[in-house]
Structure formats: C-alpha cells, structure tokens
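In the numbering used here, the protein residues as written are 1 to 188. Backbone N, C-alpha and C define an ideal beta-carbon position, used for all residues, glycine too. Since the structure comes first, as structure tokens, the remarks are kept for the end.
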Amino acid sequence: MIEGLIALASYGIAGGGAIGNFLYRLESEGVFSYVLPFLMIFAVIYAILSKAKFLGENTAVNLIISIAVALMALQFQFVSYFFAEIFPRMGVVLSLLLVAMILLGLFVDFTKPGGKWGLGIFAGIAAVVIFVQSFSDAFGWNGDLFGGGSWYWVEQYSTTIIIAILVLGTIIAIPLAGKKKGLPPKGP
C-alpha cells in the first residue's frame with residue numbers, strides 16, 4: 001500500500017503527467033521568470049498612470065512608460081526571485097486565512113465590541129509573522145535578524161510558544177465569556 005503512495009508522489013515530482021510537463025515547459029521557456037512578472041508590473045504601472053492621469057489623457061505615453069518600467073524591472077534577477085518567493089507562500093497564506101476566517105466565524109461574535117479588536121490584534125500578529133517568515137530567506141535574515149543565535153531559538157520553540165499562547169488565551173477567554181449581562185448570580 002505504501003509503495004503505491006510513494007510511487008504516486010515520485011511520479012508527481014519527476015514527471016507530473018501532461019500538466020506537469022506543460023508547466024515544466026513553461027518554466028524552462030522563462031514564462032514564470034520573465035513573462036508573468038513583466039505582465040504584472042506592466043499592468044500595475046499602466047493602471048496607476050491611467051487612473052492618476054499624471055500625463056493627461058495620452059494613453060500612448062502611459063503605454064511606453066509602463067513597458068519601459070516593466071522591462072527595466074526585469075533587467076536584474078531580483079524581481080524574478082521576489083515573485084518566485086512570494087507567490088507560492090501567498091497561496092499557503094491564503095489557505096490559512098480561509099481556515100482562520102472559518103474558525104473565527106464559528107467562535108467569535110463580531111457584533112460585540114471586543115470581537116473586532118480581537119480580530120485586529122490577531123491580524124496584526126499574523127501579518128508580522130508572515131512578513132518576517134516570507135522575507136527571511138529573500139533578504140538574508142536567516143540567522144542574523146535578531147542577533148545571531150536568537151533566531152535559532154525562535155525557530156526551535158515557536159510551536160511551543162504559539163500553543164502556550166493559545167492555551168492561555170482559551171483559559172482567559174472562557175471566564176470572560178461567562179460574564180454575560182442578565183444572568184442571575186450563582187450562589188446562596
């Protein structure tokens with residue numbers, strides 16, 4: 001049974017079938033390294049210039065400037081590396097955000113004033129963690145971000161810290177959730 005699973009996994013990595021071969025062909029032709037980043041940069045610059053109307057209504061000038069900026073951005077490999085780092089991670093982050101939104105929708109009452117603050121604090125902490133984790137390899141922060149060996153400590157104990165924070169948060173949230181207005185006090 002396990003041999004079949006390993007064979008399927010290795011087939012997906014090595015060959016990938018028709019879709020895998022097609023994606024490999026696109027990658028070897030430079031579509032993911034040059035064409036898609038060029039199109040993204042071009043579209044964003046052109047949209048900004050067209051909407052802001054810095055240069056008037058002349059779309060030809062906006063087009064030329066957008067093409068020039070997009071081509072100059074691809075002159076060095078930094079943009080290709082940046083897109084190669086950020087977009088696979090963005091897919092993972094989007095799936096995690098979807099799960100977080102589902103769980104928050106199940107357990108948090110956003111009609112109360114504290115619900116929105118809790119969501120904001122959660123989103124802020126998540127944004128900082130995602131930013132540091134996403135750019136750590138791209139900018140060479142893997143080891144020297146907090147001064148040498150302390151990043152090793154964060155990597156080793158981050159799961160333990162997150163679990164401890166979740167447990168403490170649950171312990172604090174349960175008594176606070178029980179203090180609702182209109183309930184009769186317990187006792188004699």
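Can you tell me where the alpha helix (DSSP H) with asparagine 21 in it begins and where it stops?
17-28
Answer yes or no: do tyrosine 46 and leucine 26 have a C-beta to C-beta separation smaller than 8 Å?
no
Please state whether the Cβ-Cβ distance between valine 69 and isoleucine 41 is less than 8 Å.
yes
Would you mind stating whether leucine 74 and proline 37 have Cβ atoms separated by less than 8 Å?
yes
Got a sec, what are the start and stop residues for the alpha helix (DSSP H) glutamine 133 sits in?
113-135
Which value, in whole angstroms, describes the spacing of the CA atoms of isoleucine 67 and threonine 170?
53 Å
Give the DSSP-derived three-state secondary structure of lysine 53 in the structure shown.
coil
Quick one, are the C-beta atoms of leucine 104 and leucine 94 less than 8 Å apart?
no
Can you list, in chain order, the stretches of the beta strand (DSSP E) that have 3 or more residues and sit fully within the segment 47-112?
none
Use the C-beta contact count for valine 44: other C-beta atoms within 10 angstroms, 16 or more gives buried, fewer gives exposed.
exposed
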